[in-house]
Amino acid sequence: MSRSVFTEAYIRFRRLLIEARRSARLTQAQLAERLGRPQSFVSKYETGERRLDVVEFLELAQVLGIDPVELLREVQKAIPPSDRPT
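Just so we're on the same page, my numbering is the position in the sequence shown counted from 1, plus 26.
The following block contains the structure:
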């Protein structure tokens, strides 16, 4: 199991977060302001330069008004069955 930000699942995760931000009609700067973070924080996780931890993800989901469980279910679809724990 890879920890890379370039796995299919993590790329899907990043794309879903970008879609959620755009659906909320927020720029990176606006989202960052609501999170109390610099704009570079949003840019770096969207481009894969940094990973999000679970608390950051939950804060982000709350600000974006998305269900974190539903988003993770979508990400799970990108994980090959052979990589899933049994």
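Yeah, the Cβ is synthetic: ideal placement off N, Cα and C, and Gly gets one too.
Remember, predicted model here, so these are calculated numbers, not experimental data.
Scanning the segment 52-96 from its first residue to its last, the whole alpha helix (DSSP H) runs of 4-plus residues come out as 54-61, 65-73, 80-90. The beta carbons of residue 89 and residue 43 sit about 11 Å from each other, so the pair does not count as a contact at 8 Å.
Ranked by Cα distance from residue 92, the options 104, 35, 34, 49 are led by 49. Counting other Cβ atoms within 10 Å of its Cβ, residue 47 reaches 16 or more and is therefore classed as buried.
Secondary structure at residue 37: helix, using DSSP grouped into helix, strand and coil.
Between residue 37 and the set 108, 94, 96, 76, the nearest pair of CA atoms involves 76. The three-state reading of DSSP puts residue 50 in coil, since its state is none of H, G, I, E or B.
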